[in-house]
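Data first, discussion second: the structure below is written as C-alpha cells.
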Amino acid sequence: MAGNVDQQPIETGGNGAEKGADNGTKGHGRDIVLSAKDVTVAFGPKVVLDRLNLDIYRGEILGFVGASGTGKSVLMRTVLRLLPRRSGTIKILGQDFDELDEPERNALDMRLGVLFQQGALFSSLTVKENIQVPMREYLDLPASLMDELAHLKIRMVGLAADAADKYPSELSGGMIKRAALARALALDPELVFLDEPTSGLDPIGAAEFDELIANLRDSLGLTVYMVTHDLDSLFSVCDRIAVLGKKRVMVEGTIDDMLAYDDPWVQAYFKGKRARSIVPQEHAPAQAQHDSGK
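Just so it is clear: in the sequence shown, position 204 is 209 by our numbering, and no numbers are missing.
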C-alpha cells in the first residue's frame, strides 16, 4: 500500500522533471512552480516531515490536506523559510533560496503572496496600511501611488471602498480574510499561499471566498497552494489535492484519485458522511448512490 515510508506517493504528475525556463522546471510538459524534494523537518527529536516530495504546477489550485497535527502548515512555513528544514531541497519558480544572495531573495519574495490563518493583520494599522506593508518593504513608491494600488486591491477582493480606513477590530471575519488576501496580492505575485483561508467563515461566506479565489486565479493567472480542511473547497475549486500522512505526501491527484485511493484515512475523509453531502453524484461512492435510490 502507498504511504509506506519506502514508497513514493501515487501522483498524476511531477516525476521525471527536466529543467525548463528560468521561471520553473518542466514536469510532464507543465511548469513546476514549487518543488519540494526529500524535505525533512524536525523539532528536536520529533520528525514532522520525513523526505517529503511535492510538486505544484503553474496555474493550478492545489489543496493540501491531512489529519490535524500532521504538519500541513509546517510544510508551508518551511517553504516560506519561517521554519528551518533538516534536509532536502525546495525550489520556488525554479530558484533555491539557499543559493541566492539577499537582492535575489527579495526579488523572489516579491513574486510570492501569503494569507496566514486568521488573516494576521496588524491590529494598529488600517486595511489600506496593512496592504501597503509589503509595498513599503520592497518598493520605493510615492504615497499617492501606494494609496491607489491599495484601493485597487481592496476592490479586487470584493471589499467596499470605505473598508480602506477601517481597523481589523472593525471588520467581520469574512472581511478580515478578504483584507488579508488583498495584502497577499499587493505585489502582484505569481504564487499565493493560503493557510486555512475559509476557517471560521460560515458556509455562505466560505463558498463566496472559494469563488473569489477561483476567479482571481483565472483572471490573474495565479498558482495557489491552499492548506485546508474544508471539503467544499476541495471539491469546488481545487484542481489537484495532496494528502499528507505518515510524514509524507501519501497521494496526490484529482478528486477521483482520492476517492479511488485505498487508505482508511483517505477513504474516511473523502467518502465519510460529511463528504457524501458534498460529492457530486457522478463522484459519489457506489454504496451511497445505492442508498439514495432506496
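A virtual CB, placed ideally from N, CA and C, is assigned to each residue, including glycine.
The beta carbon of residue 132 lies closer than 6 Å to those of 168, 169, 171, 184 in the same chain, with the five residues before and after it left out.
For residue 191, the CB contacts under 8 Å within the same chain, skipping 5 residues up- and downstream, are 118, 136, 137, 138, 139, 140, 154, 155, 158 in chain order. The Cβ neighbour count for residue 58, taken over all protein chains shown within 10 Å, is at least 16; the residue is labelled buried. Annotated three-state conformation of residue 211 is helix, per DSSP.
Secondary structure of residue 35 (DSSP, three-state): strand. In the assembly as shown, residue 94 is an exposed residue. Its beta-carbon has fewer than 16 other beta-carbons within 10 Å. In the DSSP assignment, residue 249 forms a beta bridge with 71, 254. Residue 82 carries a helical assignment under DSSP once its states are collapsed to helix, strand and coil. If the five residues before and after residue 163 are omitted, its C-beta is found closer than 7 Å to the C-beta atoms of 183, 217, all from its own chain and listed in chain order.
Rounded to the nearest whole angstrom, the C-alpha separation of residue 134 and residue 270 is 43 Å.
Restricting attention to 45, 194, 261, 149, the CA atom closest to the CA of residue 92 is found in 45. Taking a 10 Å sphere around the C-beta of residue 226, we find fewer than 16 other C-beta atoms and assign the residue as exposed.
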